[in-house]
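In what follows, a structure is listed as structure tokens, so that the remarks can point back to it.
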């Protein structure tokens with residue numbers, strides 16, 4: 003069953019198109035990731051689905067309710083963690099939680115089991131004002147507050163932006179546990195490496211969805227053979243790859259370059275060319291595609 | 239060939255009350271080097287960087303940046319460095335060319351020089367048409383590329399980049415690194431923090447901070463060899479997991 007359903011959603015800010023004909027369905031009990039850079043339209047989409055702004059045209063339903071007609075019902079059924087920290091800075095950790103529980107006519111005790119894992123980590127600081135918490139603690143408090151009324155759907159807008167790789171991993175483990183407790187989760191992120199942690203993802207750029215699929219499905223659809231190329235002089239290598247007529251695309255990727263070649267070209271051909279350019283210790287091997295490779299390819303097609 | 243030291247610290251320390259935010263760090267960064275400064279949130283990176291930029295007075299230790307003492311000559315340090323962060327880089331309500339004039343003026347450049355260099359730079363970036371646009375109307379990726387160019391507009395010896403590519407799309411992120419390589423080739427030292435571990439691989443050398451201390455400092459390939467792992471991501475996880483002081 004679709005827990006979030008969107009049909010032909012459009013939104014403009016002046017001349018800027020924030021969302022263009024967006025269609026998708028997120029299923030009950032899945033982690034659905036909206037993945038794309040800043041300014042792609044992620045926040046606009048979240049604000050429409052959480053009933054905070056009205057779409058220009060198109061329709062959307064959350065848990066079966068219409069975002070315009072039934073906004074009051076939707077607000078009781080969802081938990082929302084905006085990208086910007088939006089709790090009451092002058093209230094303590096405990097007071098913030100109690101406040102949100104009261105607003106939703108519930109108590110901290112009633113749904114404690116859902117937030118226990120997360121809240122336990124900040125409970126020693128429950129008398130501290132929210133404004134005085136570190137980044138990681140604020141994030142955990144915001145998540146606890148979004149969960150306190152046991153929502154059906156959780157909307158997380160860029161929860162891991164600016165967070166270091168280790169803390170990001172921990173945060174995704176928390177999401178996995180919440181999913182196992184039956185929660186449906188919509189999450190946005192600019193980090194392409196987080197795509198593989200979602201059940202299904204939508205790649206978004208300039209207000210358009212480039213593709214919707216499972217992370218595996220997206221990488222399986224990559225139509226090119228991807229090569230990893232290295233030599234002892236990496237800076238020069240990039241210039242030589244860019245100037246090589248056999249090479250279709252070349253992007254730096256960690257400690258190597260990810261390269262696609264024109265039709266009929268073999269790795270041996272490329273190697274010979276690089277040797278004539280004076281490269282040594284050349285390695286060229288096929289590698290599995292990542293979601294980031296797919297994003298770059300799809301973004302390029304979109305432009306043409 | 240002896241390479242010139244652009245950053246040199248010995249046992250540099252910053253204490254807030256009983257809390258040792260930066261704990262006796264010693265490092266050398268050389269001319270034209272791309273130096274990655276990594277660490278988990280709360281490890282002490284920002285505090286260390288503020289001291290190196292002359293914005294925060296160290297508690298103890300020694301340090302020079304661009305040849306000036308960070309204790310006694312912090313104003314001279316500020317004049318000889320460039321700085322850019324994800325959060326603050328350009329004035330949104332000024333036009334592109336006005337930002338260049340403002341920053342050039344602050345660093346004491348002559349009007350004629352500012353004008354010439356602005357034209358040259360905008361041409362190189364392919365932004366000529368946008369010179370009269372307000373910065374806030376530009377896409378994020380453009381802003382970041384402009385901000386970087388502006389941070390080295392006055393030809394500093396070293397530029398500090400604090401998470402310059404956060405949230406930027408994958409293609410622009412790579413173009414941004416090509417600008418970094420170019421600057422380094424011209425002899426400008428680049429000191430950069432990032433949460434993208436693939437970018438850590440692009441650095442000549444890097445350090446990883448844990449609990450205020452530098453726990454590892456070497457080239458990416460040497461670090462991977464030393465820890466017997468395949469990627470910098472693995473190195474980072476191994477070291478950061480040792481942290482006793484958490485961001486919590």
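Protein chains in written order, with the working numbering: chain S, 3 to 306; chain B, 239 to 486.
C-beta: ideal position from N, C-alpha, C; glycine also.
*Any Cβ of chain B within less than 8 Å of the Cβ of residue 237 of chain S?*
Residue 237 of chain S has a beta carbon lying within less than 8 Å of a beta carbon in chain B.
*Taking the CB atoms as reference points, tell me whether residue 198 of chain S and residue 293 of chain S lie closer together than 8 Å.*
Yes, the Cβ-Cβ distance between residue 198 of chain S and residue 293 of chain S is below 8 Å.
*Which parts of the stretch 31-88 of chain S are runs of the beta strand (DSSP E), unbroken and 3 residues or longer, counting only runs that do not cross its ends?*
Listed in chain order, the complete beta strand (DSSP E) runs (minimum 3 residues) inside the stretch 31-88 of chain S are 33-37, 59-64, 80-83.
_Please report whether the beta-carbon of residue 83 of chain S lies at a distance below 8 Å from any beta-carbon of chain B._
Interface residue (Cβ-Cβ distance to chain B less than 8 Å): residue 83 of chain S is not classified as such.
*From which residue to which residue does the beta strand (DSSP E) around residue 304 of chain B run?*
First-last for residue 304 of chain B: undefined, no H or E at that position.
*Assign residue 159 of chain S to one of three DSSP states: helix, strand, or coil.*
Reduced to three states, the DSSP call for residue 159 of chain S is strand.
*Under 9 Å between beta-carbons, which chain B residues line up against residue 146 of chain S? List them in chain order, please.*
None at all; the shortest Cβ gap to chain B is about 13 Å.
*Within chain B, the residues that residue 301 of chain S reaches when beta carbons sit closer than 9 Å*: Result: 407, 408, 409.
*Please classify residue 147 of chain S: does DSSP put it in a helix, a strand, or coil?*
Residue state, collapsed to three classes: helix.
*asked:* I'd like the list of long-range same chain contacts for residue 155 of chain S, defined as Cβ closer than 8 Å, with 5 residues on each side in sequence excluded.
replied: Within its own chain, the residues whose Cβ lies closer than 8 Å to the Cβ of residue 155 of chain S, once the five positions on either side in sequence are excluded, are 5, 6, 64, 65, 79, 80, 81, 185, 186, 187, 188, listed in chain order.
*Using a Cβ cut-off of 9 Å, which residues of the stretch 246-259 of chain S contact any Cβ in chain B, in chain order?*
Within the stretch 246-259 of chain S, the residues whose Cβ lies closer than 9 Å to any Cβ of chain B are, in chain order, 253, 254, 255, 256, 257, 258.
_Residue range of the alpha helix (DSSP H) that includes residue 413 of chain B_ = Where residue 413 of chain B is concerned, the enclosing alpha helix (DSSP H) stretches over 408-423.
_Spatial distance of residue 32 of chain S from residue 428 of chain B (CA atoms)_ = In a straight line, the C-alpha of residue 32 of chain S is about 42 Å away from that of residue 428 of chain B.
*Give, in chain order, every unbroken run of the alpha helix (DSSP H) that is at least 4 residues long and sits entirely within the stretch 273-335 of chain B.*
Under the rule that a run must span 4 or more residues, the alpha helix (DSSP H) segments found entirely inside the stretch 273-335 of chain B read 283-290, 312-317.
*Name, please, each residue of chain S whose Cβ falls closer than 8 Å to the Cβ of residue 458 of chain B.*
Scanning chain S for C-beta atoms nearer than 8 Å to the C-beta of residue 458 of chain B yields 257, reported in chain order.
*Under 8 Å between C-beta atoms, does residue 370 of chain B make it to chain S?*
Taking Cβ atoms only, chain S never reaches closer than 8 Å to residue 370 of chain B, which makes this a no.
*asked:* At a CB distance below 7 Å, what residues from the stretch 163-175 of chain S approach chain B? Give them in sequence order.
replied: Residues of the stretch 163-175 of chain S with a C-beta less than 7 Å from any C-beta of chain B: 163, 164, 165, 166, 167, 168, 169, listed in chain order.
*Identify whether residue 202 of chain S lies in helix, strand or coil by the three-state DSSP scheme.*
Reduced to three states, the DSSP call for residue 202 of chain S is strand.
*Exposed or buried, residue 331 of chain B, counting other C-beta atoms within 10 Å across all chains shown (16 or more means buried)?*
The Cβ neighbour count for residue 331 of chain B, taken over all protein chains shown within 10 Å, is under 16; the residue is labelled exposed.
*Runs of beta strand (DSSP E) wholly within the stretch 240-305 of chain S (minimum 3 residues, chain order)*: Segments of the beta strand (DSSP E) lying fully in the stretch 240-305 of chain S: 249-255, 258-263, 285-288.
*Please check if any C-beta of chain S sits within less than 8 Å of the C-beta of residue 412 of chain B.*
Yes, because at least one Cβ of chain S sits closer than 8 Å to the Cβ of residue 412 of chain B.
*Boundaries of the alpha helix (DSSP H) in which residue 386 of chain B is found, first to last residue*: Start and end: 378-389.
*asked:* Mapping the DSSP letters down to three states, classify residue 124 of chain S as helix, strand or coil.
replied: Three-state result, residue 124 of chain S: coil.
*Please go through the same chain and pick out, in chain order, the residues whose beta-carbon is closer than 8 Å to the beta-carbon of residue 135 of chain S, but skip the five residues on each side of it.*
Correct list, in chain order: 95, 124, 127, 143.
*Under the assumption that residue 397 of chain B contacts residue 275 of chain B (Cβ atoms under 8 Å), give the Cβ distance between them as a whole number of angstroms.*
Actually they are not in contact, since the Cβ atoms of residue 397 of chain B and residue 275 of chain B sit about 13 Å apart, beyond 8 Å.
*asked:* Closest to residue 399 of chain B by C-alpha separation, out of B:378, B:423, B:382, B:393, would be which residue?
replied: Nearest C-alpha to residue 399 of chain B: B:382.
*What are the residues that DSSP puts in a beta bridge with residue 447 of chain B?*
According to DSSP, which records beta bridges pairwise, residue 447 of chain B is partnered with B:277, B:452.
*Do residue 301 of chain B and residue 250 of chain B have their C-beta atoms closer together than 8 Å?*
For the pair residue 301 of chain B and residue 250 of chain B, the CB atoms are nearer than the 8 Å cut-off.
*If we count the other Cβ atoms within 10 Å of its Cβ and call it buried at 16 or more, is residue 114 of chain S buried or exposed?*
Residue 114 of chain S is exposed by the Cβ-count criterion.
*Contacting positions in the stretch 249-267 of chain B - beta carbon closer than 8 Å to chain S*: So nothing in the stretch comes that close.
*Along the chain, where does the alpha helix (DSSP H) that runs through residue 228 of chain S open and close?*
Bounds of any alpha helix (DSSP H) do not take in residue 228 of chain S, whose DSSP letter is neither H nor E.
*Which first and last residues belong to the alpha helix (DSSP H) in which residue 105 of chain S is found?*
It spans 95-105 - the alpha helix (DSSP H) in which residue 105 of chain S sits, taken as one unbroken run.
*Return the chain-ordered list of same chain residues with a C-beta closer than 6 Å to the C-beta of residue 306 of chain S, the five sequence neighbours on each side being excluded.*
Low local confidence applies: a pLDDT of 47 at residue 306 of chain S is under 50, so the model's placement there is unreliable, and no value is given.
_For residue 215 of chain S, list the residues DSSP reports as bridge partners._
S:203, per the DSSP bridge assignment.
*asked:* Going by DSSP, what residue range makes up the alpha helix (DSSP H) through residue 357 of chain B?
replied: From DSSP, the alpha helix (DSSP H) with residue 357 of chain B extends over 349-363.
_Please list the terminal residues of the continuous alpha helix (DSSP H) segment that includes residue 173 of chain S._
Per DSSP, residue 173 of chain S belongs to the alpha helix (DSSP H) from 167-182.
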